[in-house]
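Reading the sequence shown from the start, the letters are residues 1 to 288 in full-length UniProt numbering. Cβ coordinates follow ideal geometry from the N, Cα and C atoms, glycine included. Because the structure is a prediction, the values reported are computed rather than measured. Accompanying notes for the structure given below.
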Amino acid sequence: MKSTLFNMVMVLFVITLLASAGVGAVHMITEEPIAEARVKATREALKQVLPEFDETEDTALTVENLPVTVHTASEKGRVVGYAVESMTKNGFSGVIRLMVGFAPDGQILNIRVLEQAETPGLGTKMVDAGNPLEKSFVGRNPAQMKLGVKKDGGDVDALTAATISSRAYVDAVSRAYKAYCEKAGVEAAVNTVSGASNTQNAGADGTSGASATRDAGADGASGASNNQETGAEAATGATAARPNAEAGTRAAGEERYRERGLEREGRSNRLQRGSQTVNNAQEGGRNE
Numbered sequence: 001m002k003s004t005l006f007n008m009v010m011v012l013f014v015i016t017l018l019a020s021a022g023v024g025a026v027h028m029i030t031e032e033p034i035a036e037a038r039v040k041a042t043r044e045a046l047k048q049v050l051p052e053f054d055e056t057e058d059t060a061l062t063v064e065n066l067p068v069t070v071h072t073a074s075e076k077g078r079v080v081g082y083a084v085e086s087m088t089k090n091g092f093s094g095v096i097r098l099m100v101g102f103a104p105d106g107q108i109l110n111i112r113v114l115e116q117a118e119t120p121g122l123g124t125k126m127v128d129a130g131n132p133l134e135k136s137f138v139g140r141n142p143a144q145m146k147l148g149v150k151k152d153g154g155d156v157d158a159l160t161a162a163t164i165s166s167r168a169y170v171d172a173v174s175r176a177y178k179a180y181c182e183k184a185g186v187e188a189a190v191n192t193v194s195g196a197s198n199t200q201n202a203g204a205d206g207t208s209g210a211s212a213t214r215d216a217g218a219d220g221a222s223g224a225s226n227n228q229e230t231g232a233e234a235a236t237g238a239t240a241a242r243p244n245a246e247a248g249t250r251a252a253g254e255e256r257y258r259e260r261g262l263e264r265e266g267r268s269n270r271l272q273r274g275s276q277t278v279n280n281a282q283e284g285g286r287n288e
């Protein structure tokens, strides 16, 4: 087949079409099994973070711009706990999803990791039962804690060499606690001391500095406007003075013209006198 631009474009189009169809087919095949696996993992996590229950009521909330689901667990019509599916996007490798179980009074019963993609051997230790992060929360009420790793002045023991992952874990637990408070009608008393909060404060200071800079720029612009007005006044004065200057220039030109006329007249007179002298001398010579 002859190689032409049209043929190359058609070949690329066919390849792209086949690849897209393949990806779509794989997605359709795996979508249902993945959804079923997530539902199964959620059910298992509910059993691990809550006491015995016979039914749950699910409530979808949005906390700090992220989706959170609260499972209110009941036993014979009595609420026995709340399981909160929380998440954070601040993990070292992206999203971390947790299931946090709360007693009706806000005490954390247990925590299970639903999703994470942290560094193997470091951040992935948050999945291990009895890890430092889990131990720091289980059996305690977040309202009585400083929610942050100890490196940031908080009460939570971080995973060794995985501070970013540990901060993200704390962020997800803090979001879960806020969702619990909203659902249970409890006034949230969250004392967060995470590194992320410090960064936000620093950003706010930077914003204030930027505002001050903008004000200074505005003052500079006002000064420039004043200078422009002064320049405009000077230009107006120069415009007003221009006719006088032009009149003076014309007068000076006329004076120089008159002077040149007088000079030419003087030279003409001298030439005439010289010619007269020569003529007289010639006539005297002839008379002799």
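Would you identify the three-state DSSP class for residue i, choosing helix, strand or coil?
i	result
Val80	strand
Ser20	helix
Arg214	Confidence at Arg214 is low in this model, with a pLDDT of 43, below 50, so the placement of that residue should be treated as unreliable; the coordinate-derived value is given next. In this structure, Arg214 counts as helix in the three-state DSSP scheme.
Glu187	coil
Pro67	strand
Glu44	helix
Thr4	coil
Gly220	For Gly220, the predicted model reports a pLDDT of 41, less than 50, meaning its position is unreliable; a value from the coordinates is still stated below. It is helical.
Ile15	helix
I'd like to confirm the pairing. Which residues does DSSP put opposite residue i in its beta bridges?
i	result
Leu61	Val68
Thr56	Ala73
Glu85	Thr69 and Met99
Asn30	Looking at the sequence shown, residue 30 is not Asn but Thr. Paired residue(s): none; Thr30 is not in a bridge.
Roughly how far, in whole angstroms, is the beta-carbon of residue i from the beta-carbon of residue j, given that I think they are within contact range, below 8 Å?
i	j	result
Met87	Ala179	The Cβ separation is near 11 Å, so there is no contact.
Gly101	Asn90	That belief does not hold up - the Cβ atoms of Gly101 and Asn90 are roughly 22 Å apart, past 8 Å.
Leu98	Ala176	7 Å
Ala117	Gly139	Actually they do not touch by this definition, with Cβ atoms about 28 Å apart.
Sequence ranges, beta strand (DSSP E) only - wholly within the UniProt domain "FMN-binding" (91-180), length at least 3 = 94-102 and 108-115
For the stretch 43-57 and the stretch 74-93, state whether three or more C-beta atom pairs, one from each stretch, are separated by less than 8 Å.
-> yes
Is the stretch 135-151 in contact with the stretch 159-174, if contact means three or more CB pairs nearer than 8 Å?
-> yes
Examine the Cβ distances between the stretch 63-79 and the stretch 23-40 and report whether three or more of them are shorter than 8 Å.
-> no
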